[in-house]
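Novice:
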Amino acid sequence: PIGLSVLLLHTLTVLAFATALPRRTAEGKYIQSELEAEDVLERPLKVFTYFDRRYTRIGKTWRDCLPKAIPRPLASMSVEATEIAKNTFLSSSSDRTPTENFATLLLNEWATKLTVTDTLHADPDAFLLQDPAKGTTVSYPEADVVAAVDCVHDGQNCSWYRSQGYLDRHNGKDPLEAQGFMLSTGFMYMRSQPATTHLMKSALGVANKGESEQVAINEALLDFRCTWTTEDGFTAPRGQEATSLLQTGVLHGLCSPHLGSHDSPDLQLRVVALPYSVVPRGDGFGSVGPQSLAYHPGGTVEDKEKLLGQVRGLCKR
């Protein structure tokens, strides 16, 4: 595949850290002792974002929020914010959908990172407000994927993903709407292991058909036949009921790809869908509170730029 490096202008921010991260006890308290926390991030974690020139102001604010989100060194963590040399995003009314080229290149780059390290991808407009490891690999050490969620119904710009190709692949139906949510690549952690590599390979096949990286990963995940449950272990609701639950509640998915007559246990995925209260989108889909790891406002680039003053205020709290 074509390497994303051919489009990269320069890496604007690279932070590499080498001391220990506090460990959360069963009571939910964070241990500050480095001796007790040595094992928390023994697996390296790469936090990364890419943005093009239209997102320059937004990307700068993303970088400015880093001292708030990560005020001290973290064990085995690195953070990258990279500006892309040319505009690889569609000019559309929604101003949000990346081109086929960008989605394919991003997924290739992400898949490459996954071969060597755990990763957390953040959109440049998903402004980090707290240590992202705290709500992902630390809170859910057994999870292979931990992600924010996005809406999937009519109204409020929630049906943007329904391309003709998407509907054709699902016989005119919308399985994501029936599920009640999709995972957001705007804030998504993936563990480096064979199942996530397989997921990425499947997603690349969808992206090559012209879909965004978010649609590609979610369509690939549909083929993994996930069983979703609530925090209490009950079968998760679907449709609008799932949307309502995800305002503040977490969903857990156990997923495995269809490999013919026999499934491989090694390729099972454990997925965590974070609520809107953890990564709020605004407009009825969560508001920023003490539990929020990031703020990911919706709308156009212009809409997001109007919020940058508010975002900088959040990052200074």
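In this note's numbering, each number is its position in the sequence shown, counted from 1, plus 5. Backbone N, C-alpha and C fix where the C-beta goes; we use that ideal spot for every residue, glycine too. Just so you know, these numbers come straight off a predicted model, no measurement behind them.
Under the rule that 16 or more other beta-carbon atoms within 10 Å means buried, what is L152, buried or exposed?
Specialist: The question names Leu, but residue 152 in the sequence shown is Ala. Result: buried.
Novice: Taking 7 Å as the cut-off, does the CB of G191 come closer than this to any heavy atom belonging to the ligand ZN?
Specialist: Annotation note on the ligand ZN: not contained in the displayed structure, which lists no ligands.
Novice: Can you say whether K34 is buried or exposed, counting buried as having 16 or more other CB atoms within 10 angstroms of its CB?
Specialist: Residue placement at K34 cannot be trusted, given a pLDDT of 33 that sits under 50; the coordinates are not used to answer.
Novice: Y281 and V154: beta carbons closer than 8 Å?
Specialist: Going by C-beta atoms, Y281 is nearer than 8 Å to V154.
Novice: Please decide whether R62 counts as near chain C, where near means a Cβ-Cβ distance under 8 Å.
Specialist: This model lacks chain C altogether, as it is built from one protein chain only.
Novice: Rounded to a whole number of angstroms, what is the C-alpha to C-alpha distance between F192 and V255?
Specialist: Looking at the two C-alpha atoms, the distance is approximately 15 Å.
Novice: Using 8 Å for Cβ pairs, my map puts T54 next to D128. What's the rounded Cβ distance?
Specialist: Yes, T54 and D128 are in contact; Cβ-Cβ is about 6 Å, under 8 Å.
Novice: From which residue to which residue does the beta strand (DSSP E) around W165 run?
Specialist: Where W165 is concerned, there is no enclosing beta strand (DSSP E), given that its DSSP letter is neither H nor E.
Novice: Can you tell me where the alpha helix (DSSP H) with C320 in it begins and where it stops?
Specialist: It spans 313-320 - the alpha helix (DSSP H) in which C320 sits, taken as one unbroken run.
Novice: Among V84, L110, D69, which has the Cα closest to the Cα of G215?
Specialist: Nearest C-alpha to G215: L110.
Novice: With A86 as the anchor, note down where its alpha helix (DSSP H) starts and where it stops.
Specialist: Per DSSP, A86 belongs to no alpha helix (DSSP H); it is in the beta strand (DSSP E), 82-89.
Novice: Jot down the residue ranges of each uninterrupted beta strand (DSSP E) in the region 108-137, minimum 3 residues, whole runs only, in chain order.
Specialist: As far as the region 108-137 is concerned, its whole beta strand (DSSP E) runs of at least 3 residues are 123-127.
Novice: Could you give the C-beta distance for H207 and D228, rounded to a whole number, given that I count them as a contact under 8 Å?
Specialist: Per the sequence presented here, residue 207 reads as Ser, with His not at that position. Right, their Cβ atoms sit about 6 Å apart.
Novice: So the beta strand (DSSP E) A278 belongs to, where does it begin and stop?
Specialist: That run of the beta strand (DSSP E) goes 274-278.
Novice: Return yes when the Cβ of R48 is within less than 8 Å of the Cβ of D136, no when it is not.
Specialist: No, the Cβ-Cβ distance between D136 and R48 is not below 8 Å.
Novice: My output table needs one value for K214: the three-state DSSP class, helix, strand or coil.
Specialist: It is coil, neither helix nor strand.
Novice: Go ahead and pull the three-state DSSP assignment for Y281.
Specialist: Here Y281 sits in coil by DSSP.
Novice: Does DSSP classify T305 as helix, strand or coil?
Specialist: Three-state result, T305: coil.
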